[in-house]
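Novice:
Protein chains: 2
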Amino acid sequence: MRTRVSAALSAFLDRQEAEVLRLISPDLVEPAEALRSFLDGGKRMRPAFCYWGWRAAGGARADEALEQAALVAAASLELLQASALIHDDYMDGSDTRRGKPAVHRRFEALHRVGGWEGSPERFGAAAAILLGDITLTWCDEMFTRSGFDAARIHAARPVFDLMRSEVMAGQYLDVLAQSRGLSVASPAEILERAETVIRFKSAKYTIERPLQLGAALATGDAAETGALSVALSEYGLPLGEAFQLRDDVLGVFGDPAATGKPAGDDLREGKQTVLVALAAARADEVRLKLLREGLGDPDLDAAGVAALQEVIVDTGALESVEERIAQRTRRALEALDGAPVTDEAREVLGELAIAATSRLG
Amino acid sequence: MRTRVSAALSAFLDRQEAEVLRLISPDLVEPAEALRSFLDGGKRMRPAFCYWGWRAAGGARADEALEQAALVAAASLELLQASALIHDDYMDGSDTRRGKPAVHRRFEALHRVGGWEGSPERFGAAAAILLGDITLTWCDEMFTRSGFDAARIHAARPVFDLMRSEVMAGQYLDVLAQSRGLSVASPAEILERAETVIRFKSAKYTIERPLQLGAALATGDAAETGALSVALSEYGLPLGEAFQLRDDVLGVFGDPAATGKPAGDDLREGKQTVLVALAAARADEVRLKLLREGLGDPDLDAAGVAALQEVIVDTGALESVEERIAQRTRRALEALDGAPVTDEAREVLGELAIAATSRLG
């Protein structure tokens, strides 16, 4: 399926690129190539859950045109994700993504090589913001033109729209939590904030909504109250939380070769994850001071990262997060057992659950 | 019509705000209010052209539900415009918009007042980028749910999609032109670049596409080859250019009380407008040096602005741009005379042409 999602993205980009280069300007070749290169990477997680939501709800491979439409609609979610990451990397000041320079850095370099006027950073920022914007509208264009009839797309749109609002709102809440920091709120509040961020920025967006979107495309019904939608939520939401908790662990302890990000990057960025919130809640004064001072320090070096990792391990926060991951994965799999989905979908969704929560990068 | 467009926007925002505050988090009240306040201003130009494109193509007031749908679809374009301006103001480093602090400045202030951690500028940037993103998706949500049936929305989407790609590509080309600057290219090239930017960033986006979008919603036909679509283009494209040329003149010579922007703001931002390109092409060496040095200098003071204004006047660039505005407005009105549109639409579109090109702010 991964290959077919990539092929659908390539075909869409070919068409869009040809159109903008021909109708607008050949000067658009750089942003077009930047987007293509960006989309080369990626785990295609959201498309996988969307496609299997469609299959789970009875979408069948036998109708080739409909199956292709389901793949294209699923693939469009990679554009939403690309847009979010391009903007996110700029906002976070990240240098790399998927082992390559982040988009704003790529355009900064273009500016420098060209010896252009003004600030390379400002040009890189503008290019990344605008490329993220156009990618966001292309997501919706690709979804709408996926090949389902207009009425079916229309019926599925409430899930599509809510998913977009949720991920962006979740990102704002994430930025807000980082700004408010560890100092002012109680440990319980910090944990609650981190859990809200996880729910909207990741759990719903990565798993629950893609599944429900696929199901709505199969059934023409986007209501959240149906037995299928509830079951997909009971599987998707805890699994999505587990997925993000795994991401948080990788953001602190992950191997750069596997994650494509420098070690400890989340610490430097001051991400207020559940992992960090638990460490803060359990730390004694000395450790809490270490955590407060190091978290969000852009110049944190390897020793600084190691010291914070130690706090996170010694407070038991890492162990507790691993327990949560295991618990939530188990809960997702239990929900899957009783879900009114096809047997084939049950099997694949079970495999996806393991893949999403035990990955290394 | 303006009041009804504003009412449609308010109703949509009420619904979205209630949904995100209830379903996601009460912490979203700040971005929701920022968007509402931003949308308070605005000339509602694009909705006006979209609505009158609908009427021009035979959309009738008699069917109240359809007319309301046309108003809502038209109003949705204000969200696209808001998204573009919120991002644009951040990219340009503008402090004010419509006489109020720009969105990134508003969130910077929130950060400062709260005494939060990290950089207020970084928080302001992130909030503005994310608010622009959600506003962009809400444009599409409002358009899709405007009240037309799914098939009609689907039929009109090619115009909607192309318009979005064009405005964003045009903005990228604008930023690219500013970076390449005046030094490296020939005067003819600089002028050509400025004209391409105007066409996509403004002329098509502000007038031609909204008109064609309204017409497609009325007829269910988005083909650009029909007599009506061609006529709307022959009216809309030169008018859109005249509109943007007026904007460029106001960006250099406008009264801050009317424009809501500091005097000479475009000069400080280094905008490569047709006005500037013509001045550069006609300037002697002394004046060209003045222009090159002053343009894009963020610290340009009142005397510096006055010196550049003088160059633009003395080279005849201002006069030449005023001539172009008059010429293009005339061409638009001539096309309107022969266009296959309703008499009422012809009259209103004639008035809108004058309003768009002879405004003070």
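Chains as they are written, first to last, in full-length UniProt numbering: chain A, 1 to 361; chain B, 1 to 361.
By construction, the Cβ of each residue, glycine as well, lies at the ideal position given by its N, Cα and C atoms.
Quantities reported herein were computed from a predicted structural model and do not represent experimental measurements.
Assuming Ile-325 of chain B and Val-274 of chain B are in contact, meaning their beta carbons sit under 8 Å apart, how far apart are those beta carbons, in whole angstroms?
Specialist: Within the second sequence, numbered from 1, the residue matching residue 325 of chain B stands at position 325. Within the second sequence, numbered from 1, the residue matching residue 274 of chain B stands at position 274. Incorrect: roughly 10 Å between the Cβ atoms, too far for contact.
Novice: Considering Ile-190 of chain B, what are the terminal residues of the alpha helix (DSSP H) in which it resides?
Specialist: Counted from its first residue, the second sequence places residue 190 of chain B at position 190. Its alpha helix (DSSP H) spans residues 187–197.
Novice: Against chain A, which members of the stretch 193–225 of chain B pass a CB distance test of less than 7 Å?
Specialist: Thr-196, Phe-200
Novice: Is the distance from the Cβ of Arg-359 of chain B to the Cβ of Arg-209 of chain B below 8 Å?
Specialist: In the second sequence, residue 359 of chain B corresponds to position 359, counting from 1. In the second sequence, residue 209 of chain B corresponds to position 209, counting from 1. For the 8 Å CB-CB criterion, Arg-359 of chain B and Arg-209 of chain B do not form a contact.
Novice: Let me know if Thr-357 of chain A comes out buried or exposed under the rule of 16 or more other beta-carbons within 10 Å of its beta-carbon.
Specialist: If you number the first sequence from 1, residue 357 of chain A lands on position 357. So Thr-357 of chain A ends up on the buried side.
Novice: Starting from Met-91 of chain A, find everything on chain B with Cβ-Cβ shorter than 9 Å and list it in chain order.
Specialist: As a working note, residue 91 of chain A is residue 91 in the first sequence. By Cβ distance, chain B contributes Arg-122, Ala-125, Ala-126, Ile-129, Leu-130.
Novice: Going along chain B in order, which residues have a C-beta closer than 8 Å to the C-beta of His-104 of chain A?
Specialist: Sequence index remark: in the first sequence, residue 104 of chain A carries index 104 (1-based). Residues of chain B passing the Cβ test: none, with the nearest at roughly 11 Å.
Novice: Alpha carbon to alpha carbon, what distance is there between Gly-53 of chain A and Leu-308 of chain A?
Specialist: Within the first sequence, numbered from 1, the residue matching residue 308 of chain A stands at position 308. Within the first sequence, numbered from 1, the residue matching residue 53 of chain A stands at position 53. Their backbone Cα atoms lie some 40 Å apart in a straight line.
Novice: For Arg-4 of chain B, list the residues DSSP reports as bridge partners.
Specialist: Your numbering for residue 4 of chain B matches position 4 in the second sequence. Arg-4 of chain B is not bridged to any residue.
Novice: Around the Cβ of Gln-171 of chain B, are there at least 16 other Cβ atoms within 10 angstroms (buried) or fewer (exposed)?
Specialist: Taking the second sequence and counting its residues from 1, one reaches residue 171 of chain B at position 171. Burial call: buried.
Novice: Which residues in the same chain as Ala-65 of chain B place their Cβ atom closer than 7 Å to its Cβ, once the five residues preceding and following it in sequence are excluded?
Specialist: Within the second sequence, the letter at position 65 stands for residue 65 of chain B. Gly-147.
Novice: Between the stretch 62–82 of chain A and the stretch 232–250 of chain A, do three or more beta carbon pairs fall short of 8 Å?
Specialist: no
Novice: In its own chain, which residues sit with a C-beta less than 7 Å from the C-beta of Trp-138 of chain B, not counting the 5 before and 5 after it?
Specialist: Along the second sequence, read from residue 1 onward, the residue named residue 138 of chain B stands at position 138. Counting only Cβ-Cβ distances below 7 Å, and skipping sequence neighbours, we find Gln-16, Leu-79.
Novice: Using 8 Å as the Cβ pair cut-off and three pairs as the minimum, do the stretch 257–275 of chain B and the stretch 189–205 of chain B touch?
Specialist: yes
Novice: For a contact defined as C-beta to C-beta under 7 Å, what are the partners of Arg-157 of chain A on chain B?
Specialist: Translated into positions along the first sequence, residue 157 of chain A becomes position 157. By Cβ distance, chain B contributes Thr-144.
Novice: I'd like the span of the alpha helix (DSSP H) that includes Leu-72 of chain B, first residue to last.
Specialist: On the second sequence, position 72 is the one that residue 72 of chain B refers to. Sequence check: residue 72 of chain B is Val here, not Leu. For Val-72 of chain B, the uninterrupted alpha helix (DSSP H) run begins and ends at 64–92, by DSSP.
Novice: Per DSSP, what kind of secondary structure is Thr-342 of chain A in: helix, strand or coil?
Specialist: Position 342 of the first sequence, counted from the start, is the residue given in the question as residue 342 of chain A. Thr-342 of chain A: coil per DSSP, three-state reduction.
Novice: Counting only beta-carbon separations shorter than 8 Å, does Leu-291 of chain A have a partner in chain B?
Specialist: As a working mapping, residue 291 of chain A is identified with position 291 in the first sequence. When Cβ-Cβ separations below 8 Å define contact, Leu-291 of chain A makes no contact with chain B.
Novice: Beta carbon of Gly-296 of chain A, beta carbon of Gly-338 of chain A: below 8 Å?
Specialist: Start at 1 with the first residue of the first sequence, and residue 296 of chain A comes out as number 296. Start at 1 with the first residue of the first sequence, and residue 338 of chain A comes out as number 338. Contact flag unset, no.
Novice: Taking the CB atoms as reference points, tell me whether Leu-23 of chain A and Ala-32 of chain A lie closer together than 8 Å.
Specialist: Here residue 23 of chain A refers to the residue found at position 23 when the first sequence is read from its first residue. Here residue 32 of chain A refers to the residue found at position 32 when the first sequence is read from its first residue. Cβ distance not < 8 Å, so Leu-23 of chain A and Ala-32 of chain A don't count as in contact.
Novice: Leaving out five residues on either side along the sequence, give the residues of the same chain with a beta carbon under 7 Å from the beta carbon of Pro-47 of chain A.
Specialist: Counted from its first residue, the first sequence places residue 47 of chain A at position 47. Cβ neighbours of Pro-47 of chain A beyond the five flanking positions: Val-5, Ala-74, Ala-75, Leu-77, Glu-78.
Novice: Relative to the alpha-carbon of Asp-14 of chain B, which residue among B:Met-142, B:Leu-110, B:Ala-109 has its alpha-carbon at the smallest distance?
Specialist: Taking the second sequence and counting its residues from 1, the one referred to as residue 14 of chain B is at position 14. Comparing C-alpha distances from Asp-14 of chain B to each of B:Met-142, B:Leu-110, B:Ala-109 shows the shortest one belongs to B:Met-142.
Novice: Is Pro-120 of chain B buried or exposed, if buried means 16 or more other CB atoms sit within 10 Å of its CB?
Specialist: In the second sequence, the residue the question calls residue 120 of chain B occupies position 120. If you draw a 10 Å sphere on the C-beta of Pro-120 of chain B, you find 16 or more other C-beta atoms in it, and that means buried.
Novice: Check whether the stretch 100–108 of chain A and the stretch 151–171 of chain B touch, using three or more Cβ-Cβ pairs below 8 Å as the test.
Specialist: no
Novice: Drop a sphere of 10 angstroms on the beta-carbon of Pro-26 of chain A, count the other beta-carbons inside from all chains shown, and report buried for 16 or more, exposed for fewer.
Specialist: On the first sequence, position 26 is the one that residue 26 of chain A refers to. Under this definition Pro-26 of chain A is an exposed residue.
Novice: Are Gly-350 of chain A and Ala-218 of chain A touching if we call contact CB-CB under 8 Å?
Specialist: Residue 350 of chain A sits at position 350 when you count from the first residue of the first sequence. Residue 218 of chain A sits at position 218 when you count from the first residue of the first sequence. No. Outside cutoff.
Novice: Under the DSSP definition of a beta bridge, which residues are partnered with Arg-97 of chain B?
Specialist: Residue mapping note: residue 97 of chain B aligns to position 97 of the second sequence, counting from 1. Arg-97 of chain B is bridged to B:Lys-100.
Novice: Residues of chain A with a CB under 7 Å from the CB of Ser-179 of chain B: which are they?
Specialist: By 1-based counting over the second sequence, the position of residue 179 of chain B is 179. Result: His-111, Trp-116, Glu-117, Gly-118, Phe-123.
Novice: What are the residues of the stretch 23–35 of chain A that lie near chain B, defined by any Cβ-Cβ distance shorter than 7 Å?
Specialist: Ile-24, Ser-25, Asp-27, Leu-28, Pro-31
Novice: So, are the CB atoms of Ala-151 of chain A and Tyr-90 of chain A less than 8 Å apart?
Specialist: Working through the first sequence from its first residue, we reach residue 151 of chain A at position 151. Working through the first sequence from its first residue, we reach residue 90 of chain A at position 90. Their beta carbons are not under 8 Å apart, which means Ala-151 of chain A does not touch Tyr-90 of chain A by this criterion.
Novice: Measure the CB-CB distance between Glu-117 of chain B and Gly-264 of chain A and report whether it falls below 8 Å.
Specialist: What you label residue 117 of chain B is simply residue 117 of the second sequence in a count that begins at 1. What you label residue 264 of chain A is simply residue 264 of the first sequence in a count that begins at 1. No, they are not a contact pair.
Novice: Relative to the C-alpha of Glu-241 of chain A, which residue among A:Ala-281, A:Gln-327, A:Leu-291 is closest?
Specialist: Here the question's residue 241 of chain A lines up with position 241 in the first sequence. Answer by Cα proximity: A:Gln-327.
Novice: Report the option in A:Ala-56, A:Ala-60, A:Gln-81, A:Ala-62 whose CA atom is closest to the CA atom of Leu-9 of chain A.
Specialist: The residue given as residue 9 of chain A occupies position 9 in the first sequence. Among A:Ala-56, A:Ala-60, A:Gln-81, A:Ala-62, the Cα nearest to that of Leu-9 of chain A belongs to A:Gln-81.
Novice: Going by DSSP in three states, Ala-222 of chain A sits in which element: helix, strand or coil?
Specialist: In the first sequence, counting from the first residue as 1, residue 222 of chain A sits at position 222. The answer is coil: DSSP assigns Ala-222 of chain A none of H, G, I, E or B.
Novice: Where do the N-terminal and C-terminal ends of the alpha helix (DSSP H) with Phe-123 of chain B fall, by residue?
Specialist: Numbered from 1 along the second sequence, position 123 holds the residue referred to as residue 123 of chain B. It spans 120–144 - the alpha helix (DSSP H) in which Phe-123 of chain B sits, taken as one unbroken run.
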